[in-house]
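Residues 74 to 225 (our numbering) are what the sequence shown spells out, left to right. Using N, Cα and C, we set each Cβ at its ideal position, and we do this for glycine too.
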Amino acid sequence: MTAIVKGAQPRIVDGCLASSVGGIRRTTRDVTHLCRMATADCASTPVQSPSQHSVCIRLDFESEEKAAMICRTLAVDKEPKRSCAVRNMRTEGSFLIVDITCADAKFLQKSIQNMFDMADLAKQTFDKVGSYEYKSAENVASAPQKKKGRSS
């Protein structure tokens with residue numbers, strides 16, 4: 074699983090919040106502007122109010138089937154009511170794209186961590202269960218039988 078987090082890498086420069094997005098260095102005191110720049114690559118991200126923080130995460134699962142299965146698995150797990158985060162998921166080919174928006178940066182961070190934990194667990198489960206093979210009754214019956222008894 075490869076994670077690509079689309080967004081600005083903010084830092085403080087001369088008392089202002091600075092960011093480098095798309096190779097252009099931008100400085101602003103408006104955090105909302107940085108949040109909008111961070112999600113500019115995700116076309117379906119809804120317009121946010123001035124006090125919203127957001128992130129767009131692309132996870133590569135190397136197959137469309139795996140990405141779709143993990144998207145359906147994670148879609149049933151809703152954010153806790155107290156977190157106030159909104160999570161939208163979709164797939165594009167082998168990528169799972171997750172947009173998370175929240176008014177509080179701390180809850181956004183927790184939501185991102187929770188999403189990565191759940192995605193990792195779902196991937197491990199998919200890999201484990203996906204390695205099993207179906208054997209029909211005919212194949213099982215034709216397989217050599219193990220002898221029952223004690224071995225010395």
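- The Cβ-Cβ distance between Ser127 and Ile173 falls below 8 Å.
- Annotation: Ser215 to Lys201 spans about 26 Å, alpha carbon to alpha carbon.
- Boundaries of the beta strand (DSSP E) around Phe168: 168-175.
- Nearest neighbour of Glu137 by Cα position, chosen from Leu169, Cys129, Asp150, Ser124, turns out to be Leu169.
- Judged by beta-carbon spacing, Ala158 lies beyond the 8 Å limit of Ser124, meaning their Cβ atoms are not closer than that value.
- According to the DSSP assignment, Val159 belongs to the beta strand (DSSP E) that extends over 159-165.
- If the five residues before and after Phe199 are omitted, its C-beta is found closer than 7 Å to the C-beta atoms of Lys139, Met142, Ile143, all from its own chain and listed in chain order.
- Annotated as proximal: Val171 and Met188, with beta-carbon spacing under 8 Å.
- Counting along the chain, Val149 sits inside no beta strand (DSSP E), nor does DSSP assign it H or E at all.
- Pairing Phe134 with Lys196 gives a Cβ-Cβ distance under 8 Å.
- Per DSSP, Ser184 is one residue of the alpha helix (DSSP H) stretching across 178-203.
- If you look at Ser127, you'll find it isn't in any alpha helix (DSSP H); it sits in the beta strand (DSSP E) that goes 126-133.
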